[in-house]
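In what follows, a single structure is set out as structure tokens and then discussed.
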Amino acid sequence: MTSLTPFCMVSVISSSKKILKLIPLFNQRQHFSSKHKIQVGDTLPNVNLYEGSPSNPISAIDLYKGKKGVLFAVVGAFTPGCTNSHIPDYLSLYEKFKEEGYMISCVSINDPFVMEAWGKNTNAFGKIRMLADPRGEFTKALGMELDCKQLLGGIRSQKYSLVIDDGKIQSFNVDPEHTGLACLLCIKNMRAGDVPEPKR
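Note that full-length UniProt numbering has the sequence shown beginning at 1, numbered continuously upward.
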């Protein structure tokens with residue numbers, strides 16, 4: 001059996017109580033930024049993300065203009081925890097998010113071709129918008145960069161999730177223990193029927 005890589009693995013166990021079980025496996029040699037540059041009520045940074053191709057930029061503000069959405073960030077496309085847990089669990093509630101009027105997006109410091117391939121590989125393509133932040137500009141604007149030089153060769157993103165309404169942040173979920181739970185807090189809230197009302 002292949003051993004687990006040093007990423008955080010999060011298993012969402014379906015039960016009558018919908019218990020979230022955490023299995024933190026993150027290598028402690030990595031360095032996390034604690035200087036978050038945004039907070040609830042702020043507008044998303046005016047930074048381009050890319051979808052499908054380097055020739056298809058879209059600003060984060062325009063992406064959510066007049067729309068509600070959930071955006072979650074991962075360390076990298078095709079990483080085990082994100083592939084086996086985060087993407088499937090968002091997909092499992094796709095219809096519910098859609099019914100509530102929420103667009104689901106995933107962002108990672110990868111190139112747009114990799115993000116599109118990952119979306120197709122996980123059957124998320126067409127349901128979850130797979131957004132690339134190739135130079136980490138969006139991630140850095142949020143203060144959510146993660147030093148992964150020893151493992152992945154460069155700067156990546158911490159795991160977090162945002163609830164957004166018309167470009168404004170309604171909920172900002174960051175896990176202080178870096179287990180990856182923050183990516184799934186929107187799902188936990190959706191299951192509990194506790195989705196933030198837009199702040200005006």
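Ideal placement from N, C-alpha and C gives every residue a C-beta, glycine not left out.
Residue burial classification, residue i (beta-carbon count within 10 angstroms, cutoff 16)
{"i": "Lys98", "result": "exposed"}
{"i": "Gln39", "result": "exposed"}
{"i": "Thr122", "result": "buried"}
{"i": "Gly126", "result": "exposed"}
{"i": "Ser34", "result": "Reliability of the predicted coordinates at Ser34 is poor, the pLDDT of 46 falling under 50, and the value obtained from them is presented with this limitation in mind. Exposed, since its Cβ has fewer than 16 Cβ neighbours within 10 Å."}
{"i": "Gly101", "result": "exposed"}
{"i": "Cys106", "result": "buried"}
{"i": "Lys159", "result": "buried"}
{"i": "Asn173", "result": "buried"}
{"i": "Asp42", "result": "exposed"}
Cβ-Cβ separation, residue j to residue i (assumed contact under 8 Å), whole Å
{"i": "Leu162", "j": "Ile155", "result": "Actually they do not touch by this definition, with Cβ atoms about 19 Å apart."}
{"i": "Leu91", "j": "Ala117", "result": "Contact doesn't hold; Cβ gap of about 17 Å is too wide."}
{"i": "Pro45", "j": "Leu142", "result": "7 Å"}
Proximity winner among the options, relative to residue i (alpha-carbon distances)
{"i": "Gly119", "options": "Lys140, Thr83, Lys96", "result": "Thr83"}
{"i": "Lys37", "options": "Val107, Tyr90, Met144, Ile87", "result": "Met144"}
{"i": "Ser171", "options": "Pro45, Leu71, Tyr90", "result": "Leu71"}
{"i": "Val74", "options": "Pro45, Met115, Ala141", "result": "Met115"}
{"i": "Asp166", "options": "Ser55, Asn56, Tyr50, Gly69", "result": "Gly69"}
{"i": "Tyr50", "options": "Leu146, Thr139, Ala132", "result": "Ala132"}
{"i": "Tyr94", "options": "Arg129, Leu146, Gly76, Phe138", "result": "Arg129"}
{"i": "Ser55", "options": "Pro134, Gly76, His86", "result": "Pro134"}
Cβ-Cβ distance between residue i and residue j below 8 Å
{"i": "Asn48", "j": "Ile58", "result": "yes"}
{"i": "Gly136", "j": "Ile109", "result": "yes"}
{"i": "Lys65", "j": "Met103", "result": "no"}
{"i": "Ser157", "j": "Pro112", "result": "no"}
Entirely enclosed beta strand (DSSP E) segments - the UniProt domain "Thioredoxin" (38-192), minimum 3 residues: You should have 48-50, 57-59, 68-73, 102-108, 128-132, 145-148, 154-157, 160-165, 168-174.
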